[in-house]
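In our numbering, the protein residues as written are 59 to 147. First the structure, in the form of structure tokens, and then the observations on it.
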Amino acid sequence: MATEKTMDKIVALCKGRGYIYPGSEIYGGLANTWDYGPLGVEFKNNVKKAWWKKFVQESPYNIGVDCAILMNPKVWVASGHVGGFSDPL
């Protein structure tokens with residue numbers, strides 16, 4: 059498949075330039091997990107800062123919050139994640 063070959067090329071380029079590495083690689087790896095290398099950390103932080111500035115700091119309608127991932131199950135039910143959540147990815 060052309061898409062798979064393209065993704066393999068992108069991953070190889072990113073690994074070779076220090077952006078990402080497969081998670082737990084020296085222990086045999088863990089499927090679909092990635093660790094950020096030095097350039098990957100910088101890139102990720104720059105994207106996060108740009109996003110935060112655009113959608114939180116410059117918006118009169120949004121505020122920033124940092125919430126726990128582990129929550130009372132009632133939160134997931136109330137938000138619709140339990141009954142009808144669908145992630146196409």
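Don't be surprised by glycine CBs; every beta carbon is placed ideally from N, CA and C.
| Cα separation between Tyr119 and Ala60? | Taking the straight line joining both Cα atoms gives about 42 angstroms.
| request: Might you give, ordered along the chain, the residues of its own chain that have their beta carbon closer than 8 angstroms to the beta carbon of Pro131, omitting 5 neighbours on each side? | output: Val140.
| task | Note down the Cα distance separating Asn7 from Lys111, rounded to an integer number of angstroms. | result | As shown, the chain starts at 59 and ends at 147. That puts residue 7 outside it, with no answer to give.
| query | When burial is assigned at 16 or more other CB atoms within 10 Å of the CB, is Ile68 buried or exposed? | reply | By the neighbour-count definition (other C-beta atoms within 10 Å, threshold 16), Ile68 is an exposed residue.
| query | Can you give, in chain order, each stretch of the alpha helix (DSSP H) that sits fully within the region 75-134 and has at least 4 residues? | reply | Counting only runs of 4 or more, we get 96-110.
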